[in-house]
Ligand code: DP6
């Protein structure tokens with residue numbers, strides 16, 4: 599029984615105090631998670647590229663105590679706006695991680711990408727925090743590394759759905775699909791079997807609009823409940839997931855482009871046809887998309903785009919075209935980037951523990 603793995607089974611004494619530091623990347627979905635049921639159950643399966651450079655480093659310092667308290671700092675500063683999401687995360691994970699509530703905890707976190715870049719830090723943030731927590735659990739229960747990652751993915755999902763996928767690279771699948779063995783709604787599974795055409799695939803993120811989104815992802819997910827096209831969308835996502843797996847395995851870059859771009863535009867089409875409707879793309883987003891299509895046609899370089907729930911554009915392409923694409927960005931796309939900013943990233947291998955000590 600897989601869910602037995604999630605139960606807390608202590609065999610060792612709880613450490614009196616200690617500190618654990620983890621690092622976890624962001625990820626970009628190729629087939630999008632858009633729509634969820636309580637508690638954090640996706641209405642369709644998704645698959646993502648795990649990133650490398652955009653990541654969060656988190657340390658938890660813990661000290662045995664009669665009452666549970668936590669303090670949270672980002673870049674050394676208290677940030678009150680994050681507290682409600684972390685409180686809700688702790689209340690959701692309580693039954694699975696009772697040991698945690700015997701400590702006073704100090705969480706210190708920092709991101710490699712700018713705070714106000716419009717890149718969600720929830721995926722990297724919750725996965726880094728969850729892995730640090732399951733590292734402590736491993737100290738107490740002695741469970742395997744495999745179970746540690748599985749549980750970290752499960753806990754991450756309760757913080758933010760897409761965070762469940764950040765534990766594993768180069769790709770991760772989250773959500774049940776009838777044809778994908780071990781796929782399920784509660785945690786992500788790794789997908790390793792990618793063709794060399796997709797190894798070190800580049801993701802250059804154009805920061806079109808760094809402002810705070812007008813509609814949060816959580817609100818957007820909820821608008822899928824009474825959405826006129828939800829049934830079709832969920833079945834399309836299931837088909838796209840199966841197709842994407844086969845595309846990644848076979849190395850079919852052209853089919854990759856058509857499924858990935860269609861997914862990006864469908865995500866935004868769902869937003870535009872919700873009730874109430876909303877638009878997260880900006881003029882710059884559309885201009886970049888047009889330019890990418892023109893460039894692909896004239897150069898024959900398989901440059902494609904995807905979008906998350908915002909205006910920024912992720913440009914995806916094989917590593918061998920990096921310099922040519924960067925020249926194109928500098929010459930033609932940088933005008934659409936706020937403060938001319940973009941971030942160079944690529945496919946990475948997931949989350950890790952970088953330090954631990956106990957007393
Ligand atoms: C468009 O994971 O941010 O990026 O579970 O409410 O925290 P919550 O939502 P979140 O949604 C991500 C939506 C997306 C697509 C994706 O990453 O699959």
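Numbering (my numbering), first residue to last: 599 to 957.
Here a beta-carbon is modelled for each residue, glycine too, at the ideal position from N, C-alpha and C.
Query, Result
"Contact check, residue 710 vs residue 672 under 8 Å by CB: the rounded distance?", "Rounded, the Cβ-Cβ distance is 13 Å, inconsistent with contact."
"If you run the structure through DSSP and keep just helix, strand and coil, what is residue 902?", "strand"
"Going along the chain, which residues of its own chain have a beta-carbon closer than 7 Å to the beta-carbon of residue 855, five neighbours each way excluded?", "900 and 902"
"May I have the straight-line CA-CA distance separating residue 895 from residue 807, to the nearest angstrom?", "27 Å"
"What ranges does the alpha helix (DSSP H) occupy inside the region 796 to 875, keeping only unbroken runs of at least 4 residues that lie completely in it?", "815 to 820, 828 to 848 and 851 to 870"
"Determine whether the beta carbon atoms of residue 700 and residue 612 lie at a separation below 8 Å.", "yes"
"Which first and last residues belong to the alpha helix (DSSP H) in which residue 915 is found?", "Looking at the DSSP string, residue 915 is not in any alpha helix (DSSP H); the run it does join, the beta strand (DSSP E), is 911 to 915."
"Under a Cβ-count criterion, where at least 16 other Cβ atoms within 10 Å of its own Cβ denotes burial, should residue 689 be classed as buried or exposed?", "exposed"
"Is residue 834 near the ligand ADP - that is, is its Cβ less than 7 Å away from at least one heavy atom of it?", "Only the ligand DP6 can be found as ligands here, which leaves the ligand ADP out of the picture."
"In terms of residue numbering, what span does the beta strand (DSSP E) encompassing residue 779 cover?", "Element bounds for residue 779: n/a, residue is neither H nor E."
"Measuring from the CB of residue 811, is there a heavy atom of the ligand DP6 at a distance below 7 Å?", "no"
"What do you get for residue 936, buried or exposed, if any count of 16 or more other CB atoms within 10 angstroms of its CB means buried?", "buried"
"Please list the terminal residues of the continuous beta strand (DSSP E) segment that includes residue 956.", "950 to 956"
"Taking 7 Å as the line, does the beta carbon of residue 638 fall inside it for any heavy atom of the ligand DP6?", "yes"
"If the criterion is Cβ atoms closer than 8 Å, does the pair residue 643 and residue 740 meet it?", "no"
"What do you get for residue 909, buried or exposed, if any count of 16 or more other CB atoms within 10 angstroms of its CB means buried?", "buried"
"Less than 8 Å separating the beta-carbons of residue 759 and residue 638?", "yes"
"Taking residue 864 as the reference, give the member of 830, 731 and 816 with the closest Cα.", "830"
"Measure the alpha-carbon distance for residue 810 versus residue 717 and round it to whole angstroms.", "10 Å"
"Which ranges would you report for the beta strand (DSSP E) in the region 601 to 656 if only whole runs of at least 3 residues count?", "615 to 629"
"What separation, rounded to the nearest whole angstrom, lies between the Cα atoms of residue 705 and residue 906?", "27 Å"
"Between which residues of its own chain and residue 853 is the CB-CB distance below 6 Å, once the five residues before and five after are set aside?", "845"
"Which word fits residue 823, buried or exposed, when buried means at least 16 other C-beta atoms lie within 10 angstroms of its C-beta?", "exposed"
"Let me confirm a value: residue 666 is counted as buried when at least 16 other C-beta atoms fall within 10 Å, else exposed. Which label applies?", "exposed"
"For the ligand DP6, is there any heavy atom lying closer than 7 Å to the beta carbon of residue 752?", "no"
"Under a three-way DSSP split, which group does residue 787 fall into?", "strand"
"Quick one: any contact between the region 827 to 843 and the region 874 to 892, if contact means 3 or more CB pairs under 8 Å?", "no"
"Please go through the same chain and pick out, in chain order, the residues whose beta-carbon is closer than 7 Å to the beta-carbon of residue 838, but skip the five residues on each side of it.", "629, 857 and 861"
"Out of 953, 725, 625 and 632, point me to the one whose CA is closest to residue 820's CA.", "632"
"In the DSSP assignment, what residue or residues form a beta bridge with residue 659?", "617 and 704"
"At what residues does the alpha helix (DSSP H) containing residue 881 begin and finish?", "881 to 897"
"Please identify the residue among 692, 647 and 617 whose C-alpha is closest to the C-alpha of residue 661.", "617"
"Among 761, 802 and 620, which has the Cα closest to the Cα of residue 732?", "620"
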